[in-house]
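Undergrad:
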Amino acid sequence: MTTTGDSQPTTEQHEHRYTGTLARTIELRWQDWWDQHGTFETPNPVGPLADPNSDRMAGKQKLFVLDMFPYPSGTGLHVGHPLGFIGTDVWGRFKRMTGFNVLHTMGFDSFGLPAEQYAVQTGQHPAITTAQNVATYRRQLRRLGLAHDPRRSVSTTDPAYYRWTQWIFSQIFNSWYDTDLQRARPIAELIQQFTDGTRLTPDGRDWSALRPDERLDVLDTHRLAYISEAPVNWCPGLGTVVANEEVTPDGRSDRGNFPVFKRTMRQWMMRITTYADRLIDDLDLLEWSDSIKAMQRNWIGRSEGARVDFASSAGPIAVFTTRPDTLFGASFMVLAPEHPLVDALTLPTHADDVAEYRRQAGTKSDVARQVDDLTKTGVFTGSYAVNPINDLPIPVWVADYVLMGYGTGAIMAVPCGDQRDFEFARQFNLPVPAIQQPPDEWFQLHGIQPSLDTSTWPQAFVGDAPYVNSSNAGTFADIIELNGLSSISDAKQRTNDWLQAHGCGAATVSYKLRDWLFSRQRYWGEPFPIVYDQTGHAHTLPDALLPLELPPTDSFSPRTFDPDDAMSNPESPLDRLDWWVDVELDLGDGPQRYRRDTNVMPQWAGSCWYELRYLDPTNENRFVDPAVEQYWMGPKDANHSGGVDLYVGGVEHAVLHLLYARFWHKVLFDLGHLSSKEPYHRLFNQGYILAAAFKDKREMYVEADDVAERDGSFTHDGNPVTREWGKMGKSLKNAVAPDDIYDAYGADTLRLYEMAMGPLDASRPWETRDVVGMYRFLQRLWRNLVDEATGELRTDLPPLDDQTERLLHRTIDGVRNDMEAMRFNTAIAKLIELNNHLTKLGGCPVDIAGPLVLMV
RNA sequence: GCCCGAGUGGCGGAAUGGCAGACGCGACGGACUCAAAAUCCGUUGUCCGAAAGGGCGUGUGGGUUCGAGUCCCACCUCGGGCACCA
């Protein structure tokens, strides 16, 4: 667990040996030189970062290499953080050496919960601690020797940066989605359509006949950013609402691990669902791994089916089904407890039962819903709805296995063909009519005689099989006949056509993706550039008033609650600042009083567009100059998505950041601000650095640094502990600070070690004792060229022989191929092989010193 | 349950269908040292053998092929994602 290494030279013969001390001297000298000479400053084609006198652009292809930028935590970097940064650095340097104009820099995703919580504890403003943390990160990353353009480093908490985050929000707020053209357009063009009558107002009145506040009501229903009274994830422990994507599978908050409750609240939403199809389809344009693409497709969850309307005393009840062909088997309906029609459908005789069931369902967190998920629960409303296909009444139930958040929040239950419906029917003794004749093998498999008596069936049947009892002859003039068909897709098609013709349904598509809950009741985030007028309508601030800076306060904390207090209500810190909230403005119709929005944006906002700001970080007139964006991100041809050439980061952002950033990028593309359809053309997921973590007998982690090993067993303070492997970090108490490695061996050894451990996309366990191997390599390389006694180039170097020259050229070829393909581990192995050969030769022939050093 | 991905020495890992284990760590032996550390040289898949040499070896079982770690089928194990999604 301790770092061995830097043994200082003890004899004069070794005074100039390559040690950690010498490595530091060399590294620091070059890092200063790079800064002084702007070595890694990359020119833009136009604008303030253009450099007409530079030869870095002429005749070269551009290459934009990007890392997922870090959150600058208070504990600084550990050796697990920079794995991807080193990979992109090595690759970027290789591409630069082989003729590309490479853009590579690093920024900071610096809004977020930890800085705010630290501020609450210490009373120090998060802006101060954030600035300190960013400075620490910059220093640690510089020491690593990364070839970054320092002029382009941005921080999302900088008002000069979030001015444009707010501007983009305004753009999104002031646009709508044209479903005919399949793209976002400025809201002014919607107003134009209403004005000239090409689009009708909801109640058919002339646009000019609507009062100003009525017009705003109409427009607000079209905006891509909108306020909605909708079910949201309320997290009392954090005192804020969170997005669907931030809720873990067991119904807890991604941050803090507190219970999350479904509550209906007024919140900001982003209409990401309008982009669902494009977010799926355009995955085909991207060089991403199949697994990440699959995760995005799964998350969006597109499924094709039909909407079917069931008539009831409370009006039509719409359901979504992927199996319209099974409509003849629908023997009851189920509504989610939150469904708006439940009250109207419930008979007085059943009202007490329904009310009690809904109360229980409402206070149940998703955790609780999962615990007792095996037995179905539910309650009868007393009402019946009419199955449109055969005109038969079926009972309407309420049950929490139907989710308000998917489809229409109501289902037709087909117990013979759906396992959940089957279980529910069994639980409550509801009829299970058979509508397909399962094959004999199916009955054999379950050890029963073939029969359409479903009371003998152990489970629902799902699959292609001949339809039975699926005809409405005698009920309608225009009959539908599925009996005899045995193909699900044929039967679906026929049913959809019939539903369409009878006006009681239609083929449709449903998505798991929900609109993005965009507001948070916290302090350390971007304020919304929004004010509310006397009628309660939202207006964006004029661009001239941006940035809207966070108001100073000592009270950073939102009100938090008992984590299980589902009925508590959010209280934003900005709410308390009356002097800031009430404001007089002239938005074009004279000075008036307005109320500011007191929410802040989620941490994802800043990371939705940072790659664009890297391109043009000092531009005060636009978020990015179109010509600059075109140069760095423009599509290569009509079938190319455009975007960053290589994006490297961890897989944990597969649905959150990557989905949100793609959405914003597409809106900005639609509005004509960008030439690229996608932000990140090629994505590479690096692995994680794992490290041994140790737990004592109370199951608490102990500092891995203080654990002693003897004969394969481990002790801490003399007490036995158990070992496990996990992602390196503070929570497992197994972080290794890079500074220790720098001191013992130098940054180049650390860089080599991290690249040599294995392929970049694989996770690998950190072994401090292995680091010395790369140190020895560099030391031998040094010794093959430099006299350890004098520090001068050796005078006794051997001449170049044929065998060595052949090996050199094989190495050059292999290293070039490996570097191109980001196989850094095998490139390093080939360099070590060459160097081992030179060691046997007695030194490095002068003729090959140049190529060897360049490759290293 | 569904969708991805991976199984190779003591460890991290390497191998366009063509000598399995490159490279590194560790271990063992040696040099240097009063000694240790560091550094250097050598050996190191496993079994038989003093050696030369030979047998066996890439999770398991089959298959394709002149030839399989690599391709195909089935299974086992592990990791990741999703999951009452109608």
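Mapping of the first sequence onto the working numbering: residues 31 to 886, in sequence order.
We treat Cβ as the ideally placed atom computed from N, Cα and C, and that holds for glycine.
Would you decide whether tryptophan 264 is buried or exposed? Buried here means 16 or more other CB atoms lie within 10 Å of its CB.
TA: Buried is the call here.
Undergrad: Beta-carbon within less than 8 Å of tryptophan 528's beta-carbon, same chain only, minus the 5 sequence neighbours each way: which residues are those?
TA: Ile419, Asp508 and Ile510, listed in sequence order.
Undergrad: Report all residues from its chain with a CB closer than 8 Å to the CB of valine 397; omit the five preceding and five following residues, and keep chain order.
TA: The predicted position of valine 397 is uncertain, since its pLDDT is 49 and thus under 50; no value can be drawn from it.
Undergrad: Please report the Cβ distance between leucine 254 and isoleucine 330, rounded to the nearest whole angstrom; I am assuming they are in contact, meaning their Cβ atoms lie under 8 Å.
TA: Contact flag wrong, Cβ pair sits at about 17 Å.
Undergrad: Okay, do the stretch 692-700 and the stretch 730-741 touch, 3+ Cβ pairs below 8 Å being the bar?
TA: No, because fewer than three Cβ pairs between the stretch 692-700 and the stretch 730-741 fall closer than 8 Å, the two stretches do not touch.
Undergrad: If distances are taken between C-alpha atoms only, which option among Gln91, Leu113, Phe70 and Glu45 comes closest to arginine 15?
TA: The question about residue 15 has no answer, for the chain in this structure spans 31 to 886.
Undergrad: What did DSSP end up calling histidine 746 once you bin it into helix, strand or coil?
TA: Reduced to three states, the DSSP call for histidine 746 is strand.
Undergrad: Taking all protein chains shown into account, do 16 or more other C-beta atoms lie within 10 angstroms of the C-beta of histidine 67, making it buried, or fewer, making it exposed?
TA: So histidine 67 counts as exposed.
Undergrad: Three or more C-beta pairs under 8 Å: does that hold for the stretch 795-808 against the stretch 72-81?
TA: In short, these stretches do not touch, since the Cβ pair count stays below three.
Undergrad: Leaving aside the five residues before and after glutamine 489 along the sequence, list all residues of the same chain whose C-beta is less than 7 Å from its C-beta, in chain order.
TA: Contacts found: Gln449 and Phe452.
Undergrad: Terminal residues of the continuous alpha helix (DSSP H) containing arginine 213?
TA: Unbroken run through arginine 213 is the beta strand (DSSP E), 213-216; no alpha helix (DSSP H).
Undergrad: On the CB-based measure, 16 or more other CB atoms within 10 Å of its CB, does valine 384 come out buried or exposed?
TA: Result: buried.
Undergrad: Aspartate 646 to glycine 89, Cα distance in whole Å?
TA: Near 22 Å, if we compare the C-alpha coordinates of glycine 89 and aspartate 646.
Undergrad: State buried or exposed for glutamine 196, treating a residue as buried only when at least 16 other CB atoms are found within 10 Å of its CB.
TA: The residue in question, glutamine 196, is buried, as its Cβ has 16 or more Cβ neighbours within 10 Å.
Undergrad: Got a sec, what are the start and stop residues for the alpha helix (DSSP H) glutamine 449 sits in?
TA: Note, glutamine 449: alpha helix (DSSP H), 449-458.
Undergrad: Any heavy atom of the ligand SAH inside 6 Å of the beta-carbon of aspartate 81?
TA: The ligand SAH is not among the ligands present in this structure, which contains no ligands whatsoever.
Undergrad: Arginine 253 by DSSP, collapsed to three states: which one?
TA: Looking at arginine 253 - three-state DSSP - the assignment turns out to be strand.
Undergrad: With three or more beta-carbon pairs closer than 8 Å as the criterion, would you say the stretch 568-584 touches the stretch 594-608?
TA: The stretch 568-584 vs the stretch 594-608: in contact.
Undergrad: Identify, in the order they occur along the chain, each residue of the same chain with its Cβ nearer than 6 Å to the Cβ of leucine 515, setting aside the five sequence neighbours on each side.
TA: Around leucine 515: Tyr497 and Ala521.
Undergrad: Is glutamate 275 helix, strand or coil by DSSP?
TA: Glutamate 275: helix per DSSP, three-state reduction.
Undergrad: Using a Cβ-Cβ cutoff of less than 8 Å, which residues in the same chain neighbour glycine 408 once the five nearest sequence positions on both sides are dropped?
TA: Only Val364, Tyr387, Trp427, Val428, Ala429, Asp430, Tyr431, Phe454, Gln457 and Phe458 meet the Cβ criterion.
Undergrad: What are the residues that DSSP puts in a beta bridge with tryptophan 546?
TA: Beta-bridge pairing links tryptophan 546 to Met300.
Undergrad: Kindly identify the DSSP beta-bridge partner or partners of alanine 657.
TA: Answer by DSSP bridge pairing: none, since alanine 657 is not bridged.
Undergrad: Run through the stretch 421-509 for me and flag every whole beta strand (DSSP E) of 3 or more residues, listed as ranges in chain order.
TA: As far as the stretch 421-509 is concerned, its whole beta strand (DSSP E) runs of at least 3 residues are 422-428 and 440-443.
Undergrad: With glutamate 784 as the anchor, note down where its alpha helix (DSSP H) starts and where it stops.
TA: Where glutamate 784 is concerned, the enclosing alpha helix (DSSP H) stretches over 777-786.
Undergrad: Per DSSP, what kind of secondary structure is asparagine 163 in: helix, strand or coil?
TA: Here asparagine 163 sits in helix by DSSP.
Undergrad: Closest to valine 816 by CA distance: which of Ile771, Ala721, Val876 and Ala341 is it?
TA: The candidate whose alpha carbon is nearest that of valine 816 is Val876.
Undergrad: In the DSSP assignment, what residue or residues form a beta bridge with proline 261?
TA: DSSP lists Thr294 as partners of proline 261.
Undergrad: Helix, strand or coil for aspartate 139 per DSSP?
TA: In the structure shown, aspartate 139 sits in coil (DSSP, three-state: anything other than H, G, I, E or B).
Undergrad: In chain order, what residues of the same chain have a beta carbon less than 8 Å from the beta carbon of leucine 240, not counting five sequence neighbours either side?
TA: Thr231 and Val248.
Undergrad: Counting only runs of 4+ residues fully inside the stretch 647-726, write out the alpha helix (DSSP H) ranges in chain order.
TA: The stretch 647-726 contains these whole alpha helix (DSSP H) runs: 656-663 and 686-700.
Undergrad: Contact check, serine 361 vs proline 461 under 8 Å by CB: the rounded distance?
TA: Confirmed, about 5 Å.
Undergrad: Just the Cα atoms here: how many angstroms apart are glycine 679 and leucine 96?
TA: Their backbone Cα atoms lie some 9 Å apart in a straight line.
Undergrad: Suppose you measure from the CA of arginine 86 to the CA of leucine 143; what does that come to, to the nearest Å?
TA: Going by the C-alpha atoms only, they are around 41 Å apart.
Undergrad: Cα separation between valine 401 and glutamine 162?
TA: With a pLDDT of only 47 at valine 401, under the threshold of 50, the placement of this residue in the model should not be trusted; the figure read from the coordinates follows. Going from the Cα of valine 401 to the Cα of glutamine 162 covers about 44 Å.
Undergrad: Does the separation of the CB atoms of lysine 763 and alanine 738 fall below 7 Å?
TA: No; because the gap between Cβ atoms is not below 7 Å, this pair is not in contact.
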